[in-house]
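*Asks:* Below are the structure tokens for one structure; questions will follow.
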Amino acid sequence: MDHNVPTKNLPTIHDPIARNQIETLAKNAEEFGVELAGMGHPDQGIVHVIGPELGLTQPGKTIVCGDSHTSTHGAFGAIAFGIGTSEVEHVLSTQTLWQNKPKTMEIRVEGELPVGVAAKDIILAIISKFGIGVGTGHIVEFTGEAIHKLSMEERMTICNMSIEAGAKAGLISPDQTTVDYIRGRKHAPQGEKFEEAAAYWLSLASDEDATYDTVRIIQAEEIEPIITWGTNPSMGSGVSNNVPTQADYEDESDKAALRNALAYMGLEEGQPLTSIDIQHVFIGSCTNSRISDLRAAADVIKGRKVHGNVTAIVVPGSYSTKKQAEAEGLDKIFTDAGFEWRETGCSMCLAMNDDVVPAGERCASTSNRNFEGRQGAGSRTHLVSPPMAAAAAIAGHFVDVREFVKETV
Amino acid sequence: MEPINIVNSVITPLDRKNVDTDQIISKEFLKRIERTGFGQYLFYHWRFDAEGNEIKDFVLNKLEFKDSKILVAQDNFGCGSSREHAPWAILDYGFNVVIAPSFADIFHNNCFKNGILPIKLTEAECDEILAKGLEKPYMVEVNLEAQTVTCEDGVVYHFSIDPYYKETLLNGWDEIALTFKYEEQIAAYEAQRIAY
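Here it is as structure tokens:
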């Protein structure tokens, strides 16, 4: 539903195959008595945005969904992972899944995060430092001071991209921030029942002396805003760096992967990341379409104009997020600057609907995957945080948002 | 699902690491509600150019691999999206076996649900097979019962596999039917579980 719903000219879906898929889902949900936040429903949105918003995502739950970014819900201390269609069928039939016990991994983010560095930068830094397959076979727990200082929405961004590190799931131990977020939401327990639930949730927190099969550590101080330059999410560097050169790699297959990636991306070895011009900006996706993401982007663009060569869209993660943003006047800030303010959905993250980046053009995107053709055949995706995407929309090329905000005020 | 045990075939050497499911099956082909007919779209943007012409030097387009049932690749095969269309496309195209040093977890699971045997060999072993397969068509015999890959030049590789998945693949068992044998235990567990 969220994957191929259009984000403009609703409620018509022109694509007959997409329409059939959406109608079949609605029909099946009705036949089997499954509540569906379908098109036009006030709760409609990206599944990984509305689950938490509605209070359905809670610590201690086992949450599965036919989408790899189900790891998002791990931010609440739930075990949440993506499954295939056959496994969805198995869950709907039996309420169970066959599983091998996964290994455990701690990824500890030590120290204090520098000002102007976003949760998106933390997870992109982790993936570029440790690699796209580091988490394979593991459930990752993100720990450390820098993680526990994050808001729930920021924690969701981190856990969301656990899959981009190959992890089966990613989670963060529940704490008071978790409990406070859930309180009062539509499907959260109410009154006394909530206090009972909260006590149970907090009892699930990881032990101080917990041990893990694997431990990886990264210093928060060393993280700067990240831009991906290649064709998988581990191919990224801090904004002050250049595109790597073959000399940076020892392994022949890594050199070949670099050559392939740069050929596809139309980039030169050693080129400064800030010299890359962009034509599209996409602020949205289950990684970065929540209210705090929209606020952070709006802060950067307020009073500024989108560069003449850039087409920029904002796709809020849910109707409730969209309404909240409109109540705060964020839509006005975006549209005044020249952004399109769209309806909700997965949109240009995977370009299954009409929101496509044309071949050979470049997009600064707050989504989670920069695979070849992800945003349309021949499209070139650079993954960044919402403030970095917003700054690039104004400048027409990548800039360090921390400097950009200072210089142009 | 079709049982699988012995597969004899020339290998298709896909000498790449981190092959993601977006490449295996591109999103424009995910809107259909059927599970069949995805083979024609396998690796679509690597097989065809923007005009729909075959890209001659892409390995799947080479004649000698047309009837291959065994795909060999490098590390982290099937990473990214959970789309089960990826194994559906691989199977429908004609591959029953994928050999790589490692697989992404979701893709790995999805293979077992569809009668595809994913075999993990070491990186060195995969490099050997890939090198030979790139030089000239290279025949191997996969034997799931014996857990071996026997190559035409007599080299034999052994692989390990979860015994549960081995049984389901060998017998082509439907997992849902298997699980229903535990219906009482499932109900008992559900009854004692706290839910808020």
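Going down the list, the sequences are from chains F and D.
Numbering-wise (my numbering), the first sequence opens with residue -18 and increments by one.
Numbering-wise (my numbering), the second sequence opens with residue 78 and increments by one.
Note that the Cβ used here is the ideal one computed from N, Cα and C, for glycine as well.
Nothing here was measured: the structure is a model prediction, and the numbers come from that model.
Go ahead and pull the three-state DSSP assignment for F:Glu203.
*Replies:* Correct three-state label for F:Glu203: helix.
*Asks:* Have a look at F:Pro155 and F:His54 and give me their C-alpha separation to the nearest angstrom.
*Replies:* Approximately 12 Å between the Cα atoms of the pair.
*Asks:* If you pair each beta-carbon of the stretch -9 to 11 of chain F with each one of the stretch 127 to 134 of chain F, do three or more pairs fall below 8 Å?
*Replies:* The stretch -9 to 11 of chain F vs the stretch 127 to 134 of chain F: no contact.
*Asks:* Any C-beta of chain F sitting closer than 9 Å to the C-beta of D:Gly114?
*Replies:* No, D:Gly114 does not count as interfacial toward chain F.
*Asks:* Please confirm whether D:Ser103 has its beta-carbon closer than 9 Å to some beta-carbon of chain F.
*Replies:* Yes - at least one Cβ of chain F is within 9 Å of the one on D:Ser103.
*Asks:* Going by C-alpha distance, which of D:Ser86, D:His235, D:Ala177 and D:Ile176 is nearest D:Tyr215?
*Replies:* Here the closest residue by C-alpha is D:Ser86.
*Asks:* Could you round the C-beta distance between F:Val224 and F:Glu250 to whole angstroms and report it? I think they count as a contact, below 8 Å.
*Replies:* About 6 Å; that satisfies the 8 Å criterion.
*Asks:* So, helix, strand or coil for F:Val90, using DSSP?
*Replies:* Strand.
*Asks:* Report the start-end ranges of each beta strand (DSSP E) in the stretch 137 to 219 of chain F that is 3 residues or longer and not cut off at the edges.
*Replies:* 150 to 152, 195 to 200, 207 to 209 and 217 to 219, all fully within the stretch 137 to 219 of chain F.
*Asks:* Measure the alpha-carbon distance for D:Thr98 versus F:Gln356 and round it to whole angstroms.
*Replies:* If I take the Cα positions, the gap works out to 14 Å.
*Asks:* Along the chain, where does the alpha helix (DSSP H) that runs through F:Ser109 open and close?
*Replies:* First-last of the alpha helix (DSSP H) with F:Ser109: Ala100 to Phe111.
*Asks:* Counting only Cβ-Cβ distances shorter than 8 Å, please list the residues of the stretch 222 to 255 of chain D near chain A, keeping chain order.
*Replies:* The structure shown has no chain A; the protein chains it does contain are F and D.
*Asks:* Rounded C-beta distance between F:Arg323 and F:Thr(-12)? I'm assuming under 8 Å.
*Replies:* That pair is a contact at about 4 Å.
*Asks:* Does D:Phe286 come out as helix, strand or coil in the three-state DSSP assignment?
*Replies:* Past the edges of chain D, shown from 78 to 273, lies residue 286 of chain D, and the structure says nothing about it.
*Asks:* Which residue's Cα is closest to the Cα of F:Val196: F:Gly125, F:Glu233 and F:Val382?
*Replies:* It is F:Gly125.
*Asks:* Whose C-alpha, out of D:Lys213, D:Ile238, D:Ser158 and D:Ala254, is nearest the C-alpha of D:Ile196?
*Replies:* Selected option, being the one with the closest Cα: D:Ile238.
*Asks:* When the distance is taken between beta carbons, is F:Val386 closer than 9 Å to F:Asp232?
*Replies:* Against a cut-off of 9 Å, the Cβ pair of F:Val386 and F:Asp232 comes out as no contact.
*Asks:* For the putative contact between F:Leu78 and F:Ile64, defined by C-beta atoms under 8 Å, what is the C-beta separation to the nearest angstrom?
*Replies:* About 7 Å; that satisfies the 8 Å criterion.
*Asks:* Would you mind telling me which residues of chain D sit closer than 7 Å to F:Ile294, beta carbon to beta carbon, in chain order?
*Replies:* Result: empty, since nearest Cβ-Cβ is about 18 Å, beyond 7 Å.
*Asks:* State the DSSP-derived secondary structure class of F:Asp(-4), mapped to helix, strand or coil.
*Replies:* Residue state, collapsed to three classes: coil.
*Asks:* Using 9 Å as the limit for Cβ to Cβ distance, is F:Arg323 near chain D?
*Replies:* With 9 Å as the cut-off, F:Arg323 does not count as an interface residue toward chain D.
*Asks:* Does the Cβ-Cβ distance between F:Ala106 and F:Gly219 come in under 9 Å?
*Replies:* Result yes, Cβ atoms of F:Ala106 and F:Gly219 sit closer than 9 Å.
*Asks:* Thinking just about the alpha-carbon of each residue, which of F:Thr38, F:Phe62, F:Gln227 and F:Ala7 is nearest to the one in D:Asp182?
*Replies:* Comparing Cα positions, the closest option is F:Phe62.
*Asks:* Return the first residue and the last residue of the beta strand (DSSP E) that D:Met216 is part of.
*Replies:* Looking at the DSSP string, the run of the beta strand (DSSP E) that includes D:Met216 is Met216 to Asn220.
*Asks:* Does DSSP put F:Arg361 in a helix, in a strand, or in coil?
*Replies:* In the structure shown, F:Arg361 sits in a strand (DSSP, three-state: E or B).
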